[in-house]
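Engineer: Handing you this structure, nothing more for now.
Numbering (the numbering used here), first residue to last: 93 to 198.
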């Protein structure tokens, strides 16, 4: 198994999950929303960013193999932050309709 490198991994927020959220396994009580940077051009140190959601416990511990959602890549970190804020608002309201997009991780 190849583990991802989280050199540029920024936890944006940890949101308590609704007890009715069907995506959670035992011990998972929160949603971790994060920004992950991927090096696009090594010589220029140019990064692209994606927004991810992981089920986690109350401490923020999560499994890298249990990604609920990963967005498409954003070339601008500000756009990624904006997308993360939109996702955060939806998750706080237990609105997971954004998972119907192609970006959904099955």
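By construction, the Cβ of each residue, glycine as well, lies at the ideal position given by its N, Cα and C atoms.
1) Tell me whether residue 170 is buried or exposed, calling it buried when 16 or more other Cβ atoms sit within 10 Å of its Cβ.
2) Verify whether the separation of the beta carbon atoms of residue 126 and residue 116 is less than 7 Å.
3) Could you check what DSSP says for residue 116 in three-state terms: helix, strand or coil?
4) Can the beta-carbon of residue 105 be found closer than 7 Å to that of residue 180?
5) Express the C-alpha separation of residue 114 and residue 152 in angstroms, rounding to a whole number.
6) Could you spell out the range, first to last residue, of the beta strand (DSSP E) harbouring residue 175?
Structural biologist: According to the structure data:
1) In the chain shown, the residue the question calls residue 170 occupies position 78. Classification of residue 170: exposed, given that the 10 Å Cβ count is below 16.
2) One-based indexing of the chain shown puts residue 126 at position 34. One-based indexing of the chain shown puts residue 116 at position 24. For residue 126 and residue 116, no; Cβs fall outside 7 Å.
3) Numbered from 1 along the chain shown, position 24 holds the residue referred to as residue 116. Correct three-state label for residue 116: coil.
4) In the chain shown, the residue the question calls residue 105 occupies position 13. In the chain shown, the residue the question calls residue 180 occupies position 88. Contact: yes.
5) Position 60 of the chain shown, counted from the first residue, corresponds to residue 152. Position 22 of the chain shown, counted from the first residue, corresponds to residue 114. Roughly 19 Å separates the two Cα atoms.
6) Position 83 of the chain shown holds residue 175. Segment 169-184 is the alpha helix (DSSP H) holding residue 175; no beta strand (DSSP E) there.
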